[in-house]
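S.K.: Attaching a single structure in structure tokens format; questions to follow.
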Amino acid sequence: MSGQNIELLAPAGTMAVLETVVKSGADAVYLGGKRYNMRMLRPEFNFSDTELTEAVSLLHQFGKKIYITVNSLYKPNEIEAIKDYLLFLDQLGVDALIIQDLGLIKLCQELNIRIPLHASVQMGINNMAAIKLLEDQGISRVILSKNLSREEIRAIHKETCLGLEYFVHGDQCISHSGQCYLSSFIFDESGNCGRCRKPCRWPYKISHVSQPESHEAQYYLAHQDLCLYPQLVDLIEAGVNSFKIEGRMRSKEHLAFTVATYRRALDIYLDNPDSYIVSENDCQKLYDRRIRDLTAGSFLKRTSWDDIGLSGAREPHFITKPIRLSRLTYTDLQLKKPIPTVAVKPELTVKVGDFEGLENMLEMGINNVVLGLDSMRQQAVNWEAENIIKALEICRGYDSRILLETPRIVCQQDLTDIYELSQQSFLSQLDGLIVNDLGSLRILRSSDIMLWTGYGFNVCNDRASAFLKQSGAKRIVVALEMRGSDLVSLLGKDGDMELLVQGPLPGIITDLCIHSGEVLDSGCALDCRRNPVDLQDEYGQNYKVLSDYKCRNHIYNPLERSLYPYLAELMGWGLKSLRIDGQYYPSGLLSQVVALYMDAITEIMAGNWEATSGFEKILGLFPDGLTAMPLYKSNLH
Numbered sequence: 009m010s011g012q013n014i015e016l017l018a019p020a021g022t023m024a025v026l027e028t029v030v031k032s033g034a035d036a037v038y039l040g041g042k043r044y045n046m047r048m049l050r051p052e053f054n055f056s057d058t059e060l061t062e063a064v065s066l067l068h069q070f071g072k073k074i075y076i077t078v079n080s081l082y083k084p085n086e087i088e089a090i091k092d093y094l095l096f097l098d099q100l101g102v103d104a105l106i107i108q109d110l111g112l113i114k115l116c117q118e119l120n121i122r123i124p125l126h127a128s129v130q131m132g133i134n135n136m137a138a139i140k141l142l143e144d145q146g147i148s149r150v151i152l153s154k155n156l157s158r159e160e161i162r163a164i165h166k167e168t169c170l171g172l173e174y175f176v177h178g179d180q181c182i183s184h185s186g187q188c189y190l191s192s193f194i195f196d197e198s199g200n201c202g203r204c205r206k207p208c209r210w211p212y213k214i215s216h217v218s219q220p221e222s223h224e225a226q227y228y229l230a231h232q233d234l235c236l237y238p239q240l241v242d243l244i245e246a247g248v249n250s251f252k253i254e255g256r257m258r259s260k261e262h263l264a265f266t267v268a269t270y271r272r273a274l275d276i277y278l279d280n281p282d283s284y285i286v287s288e289n290d291c292q293k294l295y296d297r298r299i300r301d302l303t304a305g306s307f308l309k310r311t312s313w314d315d316i317g318l319s320g321a322r323e324p325h326f327i328t329k330p331i332r333l334s335r336l337t338y339t340d341l342q343l344k345k346p347i348p349t350v351a352v353k354p355e356l357t358v359k360v361g362d363f364e365g366l367e368n369m370l371e372m373g374i375n376n377v378v379l380g381l382d383s384m385r386q387q388a389v390n391w392e393a394e395n396i397i398k399a400l401e402i403c404r405g406y407d408s409r410i411l412l413e414t415p416r417i418v419c420q421q422d423l424t425d426i427y428e429l430s431q432q433s434f435l436s437q438l439d440g441l442i443v444n445d446l447g448s449l450r451i452l453r454s455s456d457i458m459l460w461t462g463y464g465f466n467v468c469n470d471r472a473s474a475f476l477k478q479s480g481a482k483r484i485v486v487a488l489e490m491r492g493s494d495l496v497s498l499l500g501k502d503g504d505m506e507l508l509v510q511g512p513l514p515g516i517i518t519d520l521c522i523h524s525g526e527v528l529d530s531g532c533a534l535d536c537r538r539n540p541v542d543l544q545d546e547y548g549q550n551y552k553v554l555s556d557y558k559c560r561n562h563i564y565n566p567l568e569r570s571l572y573p574y575l576a577e578l579m580g581w582g583l584k585s586l587r588i589d590g591q592y593y594p595s596g597l598l599s600q601v602v603a604l605y606m607d608a609i610t611e612i613m614a615g616n617w618e619a620t621s622g623f624e625k626i627l628g629l630f631p632d633g634l635t636a637m638p639l640y641k642s643n644l645h
């Protein structure tokens with residue numbers, strides 16, 4: 009590397025681009041093979057095995073490093089098939105693998121792969137506790153979440169010797185990395201597997217729940233491109249030592265200019281830090297050559313409307329548009345399939361949002377009742393310490409287990425909440441905790457309490473579940489993006505799994521306050537509590553927007569999930585537990601839904617399920633429609 013161990017890391021999608029970025033001053037290049045990476049929609053921007061061999065030889069000849077992206081999520085059959093590829097890369101002598109799937113850590117350990125492992129930005133590494141867990145597992149570098157601020161990065165750097173990589177230029181998603189599922193729910197095309205159909209780049213109207221008339225459609229989720237060229241000194245002082253440029257599908261000319269511009273600035277700074285001045289000329293040239301308008305992202309401030317290309321005028325052409333979502337119908341009932349013999353009755357887990365719902369679930373004898381710490385401003389009750397203690401008092405004398413679930417997003421600034429939770433006296437009265445990120449797992453596993461991992465971990469294969477169980481988890485909630493055939497394969501290797509069978513589908517988590525869409529940063533008036541909004545696509549389909557107490561916005565799929573018509577098959581596959589997310593349901597509706605599932609489970613165990621009546625009731629309870637996507641694709645146009 010050049011200078012004070014500072015690395016300029018550039019992308020390459022072809023050999024021509026690779027040669028160009030090396031000549032332009034990149035210290036290292038990251039690229040993907042034809043298999044197992046995040047750019048599968050555009051295979052022409054991936055390298056064949058022969059090209060990979062040539063790339064390694066070329067880069068090492070010039071004293072440069074090569075990092076290979078093996079950064080998708082892998083199905084059970086893929087995690088087995090990838091072994092030969094990993095051994096090939098190991099023999100090739102690449103300098104690092106960029107990985108997202110936790111199962112690859114486990115697999116590389118099994119295969120004695122010698123290549124250093126870098127945690128992908130898609131792993132959603134937001135805090136120091138998560139980094140420490142990965143460091144214990146041999147990870148040598150972390151590509152930090154794009155949602156972290158300068159202050160958070162600085163705090164992390166003070167506590168780790170691991171390499172810290174951060175995106176400095178290029179495409180920027182509106183969602184927290186690894187937690188965007190909307191493309192899967194709509195198209196069965198996963199952004200976590202490199203097949204995103206970019207629903208965040210569509211125009212939407214903002215529709216107030218109390219005033220359904222919609223306003224003019226704008227690109228409310230279209231994040232501008234990242235440019236941290238003016239903040240290079242801040243990045244270095246914060247502790248970033250690898251400056252990553254996005255764009256494996258960008259043109260040779262675009263990358264040549266971008267890499268050379270950053271190279272020039274870094275060299276000037278490293279030569280004499282005290283006299284370094286940001287080049288206004290180069291800033292202007294970067295702006296003139298921009299694709300979208302430019303922003304500093306989350307590095308300097310929280311995402312706001314200044315960071316959004318509302319007009320869509322500079323959006324690159326990408327063939328994607330909404331589709332009219334198909335709802336579950338009677339034809340989805342598997343009436344002709346025989347009811348399988350189920351050896352063990354699955355448990356039922358229900359997430360509740362208020363005291364009445366809690367009491368009803370206790371009276372109904374639900375196995376596991378979940379209280380969520382992902383507090384939403386639109387809920388009547390939030391599970392703060394005082395309410396948790398009250399809930400635990402209500403639970404005395406009942407057989408149900410009570411579990412507390414941590415949020416899916418825990419940034420460095422939120423980590424205090426998890427440490428405080430670990431010290432709460434009421435923990436000893438809980439039956440378990442459900443965690444959704446590696447940092448929470450590392451902190452809370454020291455508590456003498458049962459741990460499950462939630463769907464925020466995106467578990468798709470048995471190696472990932474083994475990694476988490478080795479790290480302290482007892483049960484795994486499988487990824488929301490799983491397909492049915494893949495779930496069967498997974499359960500054949502690890503049956504101690506839970507699946508969401510009923511409830512709203514969280515599509516995007518963003519730091520942007522969409523509720524301020526009309527006032528555009530005129531100041532927070534907590535309008536989200538008084539006047540909730542939906543995003544509405546061109547078909548009039550509403551994506552509900554809820555805001556939590558960290559002011560993160562949660563955008564939900566227009567259709568809720570219901571796997572009721574497939575319940576017998578799912579039970580036959582051997583799921584340990586079925587989950588209903590009922591925290592947003594009125595208590596009466598929740599009781600009706602849970603009762604229908606309880607009756608169905610009992611009848612299936614007895615071998616005499618009469619599904620039609622129950623399914624008719626489920627459909628009647630949700631007139632806005634239900635979906636089984638992406639687990640079952642029968643309702644996809």
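Residue numbers (the numbering used here): 9 to 645.
Built from N, CA and C at the ideal position, the CB exists for glycine as well.
Based on Cα-Cα distance, which residue from ASP98, LYS477, PRO330, GLU159 lies nearest to ASP57?
M.R.: By one-based count along the sequence shown, residue 57 stands at place 49. Cα-wise, what sits closest to ASP57 is ASP98.
S.K.: Excluding sequence positions up to five away, which residues of its chain have a Cβ less than 6 Å from the Cβ of ASP529?
M.R.: Residue numbering aside, residue 529 sits at position 521 when the sequence shown is read from its first letter. In this predicted model, ASP529 has a pLDDT of only 48, less than 50, meaning its place in the structure is not dependable; the value taken from the coordinates is given anyway. SER312, TRP313.
S.K.: Mind checking which residues open and close the alpha helix (DSSP H) that includes PHE475?
M.R.: Here residue 475 refers to the residue found at position 467 of the sequence shown. Residues 470–478.
S.K.: Taking contact to mean 3 or more Cβ pairs, one atom from each stretch, closer than 8 Å, check whether the region 279–293 and the region 186–194 are in contact.
M.R.: no
S.K.: For the region 112–162, which segments carrying the alpha helix (DSSP H) assignment without a break, of at least 4 residues, lie completely within its bounds, in sequence order?
M.R.: Listed in chain order, they are 136–144.
S.K.: Within the continuous beta strand (DSSP E) that includes ALA36, where are the two ends?
M.R.: Position 28 of the sequence shown, counting from 1, holds the residue named residue 36. Segment 36–40, the beta strand (DSSP E) holding ALA36.
S.K.: For the structure I just gave you, are there three or more beta carbon pairs, one from the region 173–188 and one from the region 115–124, closer than 8 Å?
M.R.: In this structure the region 173–188 does not lie against the region 115–124, because fewer than three pairs of beta carbons, one per stretch, are closer than 8 Å.
S.K.: How about ILE161: is its Cβ closer than 7 Å to a heavy atom in the ligand SAH?
M.R.: Absence of the ligand SAH from the depicted structure is noted, as is the absence of any ligand whatsoever, leaving it without description.
S.K.: How far does the alpha helix (DSSP H) with GLU624 in it extend, from its first residue to its last?
M.R.: For the purposes of this step, residue 624 is identified with residue 616 of the sequence shown, where counting begins at 1. Segment 619–629, the alpha helix (DSSP H) holding GLU624.
S.K.: With a 10 Å radius around its C-beta and 16 neighbouring C-beta atoms as the bar for buried, classify LEU243 as buried or exposed.
M.R.: Along the sequence shown, one-based indexing puts residue 243 at 235. Classification for LEU243: buried.
S.K.: So, at 7 Å on beta carbons, what are the nonlocal neighbours of PRO566 in its own chain, with the 5 sequence-adjacent residues on each side left out?
M.R.: As a position in the sequence shown, residue 566 is number 558, starting the count at 1. The residues are LEU333, GLN549, ASN550, TYR551.
S.K.: Run the CB neighbour count on LEU520, radius 10 Å, all protein chains shown included, and call it buried at 16 or more, exposed below.
M.R.: In the sequence shown, residue 520 corresponds to position 512, counting from 1. Counting Cβ neighbours within 10 Å, LEU520 comes out buried, since at least 16 surround it.
S.K.: Does the region 163–174 touch the region 131–145, meaning 3 or more C-beta pairs lie closer than 8 Å?
M.R.: yes
S.K.: Using only the alpha-carbon positions, how far apart do ASP233 and GLY462 sit?
M.R.: In the sequence shown, the residue the question calls residue 233 occupies position 225. In the sequence shown, the residue the question calls residue 462 occupies position 454. The straight-line gap from Cα to Cα measures roughly 31 Å.
S.K.: Going by CA-CA distance only, name the one from THR424, LYS154, LEU236 that's closest to SER128.
M.R.: Stepping through the sequence shown from its first residue, residue 128 is reached at position 120. Nearest of THR424, LYS154, LEU236 to SER128, Cα basis: LYS154.
S.K.: When the Cα atoms are used, what is the spatial distance from GLN510 to PHE55?
M.R.: Numbered from its first residue, the sequence shown carries residue 510 at position 502. Numbered from its first residue, the sequence shown carries residue 55 at position 47. Cα to Cα, the separation comes out at about 41 Å.
S.K.: Checking the sheet assignment: what are the DSSP bridge partners for SER250?
M.R.: In the sequence shown, residue 250 corresponds to position 242, counting from 1. DSSP lists GLU15, GLU173 as partners of SER250.
S.K.: Quick one: using the 10 Å Cβ neighbour count with 16 as the cut-off for buried, is LYS501 buried or exposed?
M.R.: On the sequence shown, residue 501 is found 493 positions in, with the first residue counted as 1. So LYS501 counts as exposed.
S.K.: For TYR277, which residues from the same chain have a beta carbon less than 6 Å from its beta carbon, with the 5 sequence-adjacent residues on both sides left out?
M.R.: Numbered from its first residue, the sequence shown carries residue 277 at position 269. So the list reads TYR284, once near-sequence residues are dropped.
S.K.: Once the 5 residues before and after ASP535 are set aside, which same chain residues still bring their CB inside 6 Å of it?
M.R.: As a working mapping, residue 535 is identified with position 527 in the sequence shown. These residues qualify, in order along the chain: HIS523.
S.K.: Just verifying my parser: in three-state terms, what is the DSSP assignment at ARG298?
M.R.: In the sequence shown, residue 298 corresponds to position 290, counting from 1. Three-state DSSP puts ARG298 in coil, outside helix and strand.
S.K.: Starting from ASN550 and walking both ways along the beta strand (DSSP E), at which residues does that stretch end?
M.R.: Along the sequence shown, one-based indexing puts residue 550 at 542. Run containing ASN550: 550–555, per the beta strand (DSSP E) assignment.
S.K.: Drop a sphere of 10 angstroms on the beta-carbon of PRO631, count the other beta-carbons inside from all chains shown, and report buried for 16 or more, exposed for fewer.
M.R.: For this step, residue 631 is matched to residue 623 along the sequence shown. PRO631 should be labelled exposed.
S.K.: Report all residues from its chain with a CB closer than 8 Å to the CB of VAL29; omit the five preceding and five following residues, and keep chain order.
M.R.: Here residue 29 refers to the residue found at position 21 when the sequence shown is read from its first residue. The answer, listed in chain order, is ALA18, PRO19, ALA20, VAL37, LEU263, ALA264, VAL267.
S.K.: Do you know how far the Cα of THR349 is from the Cα of GLN600?
M.R.: Numbered from its first residue, the sequence shown carries residue 600 at position 592. Numbered from its first residue, the sequence shown carries residue 349 at position 341. Their backbone Cα atoms lie some 26 Å apart in a straight line.
S.K.: Got a sec, what are the start and stop residues for the beta strand (DSSP E) PRO514 sits in?
M.R.: Position 506 of the sequence shown holds residue 514. Following the DSSP letters along the chain, one finds PRO514 inside the beta strand (DSSP E) bounded by residues 514–518.
S.K.: Could you name the residues that DSSP lists as bridge partners for TYR640?
M.R.: Taking the first residue of the sequence shown as position 1, residue 640 is located at position 632. Looking at the DSSP output, TYR640 bridges to nothing.
S.K.: By Cβ distance, which residues of its chain are closer than 8 Å to ILE397, with the 5 residues on each side in sequence left out?
M.R.: Along the sequence shown, read from residue 1 onward, the residue named residue 397 stands at position 389. The answer, listed in chain order, is PHE434.
S.K.: For LEU152 and PRO415, what's the separation of their Cα atoms in angstroms?
M.R.: As a working note, residue 152 is residue 144 in the sequence shown. As a working note, residue 415 is residue 407 in the sequence shown. Going from the Cα of LEU152 to the Cα of PRO415 covers about 19 Å.
S.K.: Let me check understanding here. Comparing Cα to Cα, which of TYR572, THR620, VAL553 lies closest to ARG215?
M.R.: Position 207 of the sequence shown, counted from the start, is the residue given in the question as residue 215. The sequence given here has Ser at residue 215, not Arg. Selected option, being the one with the closest Cα: VAL553.
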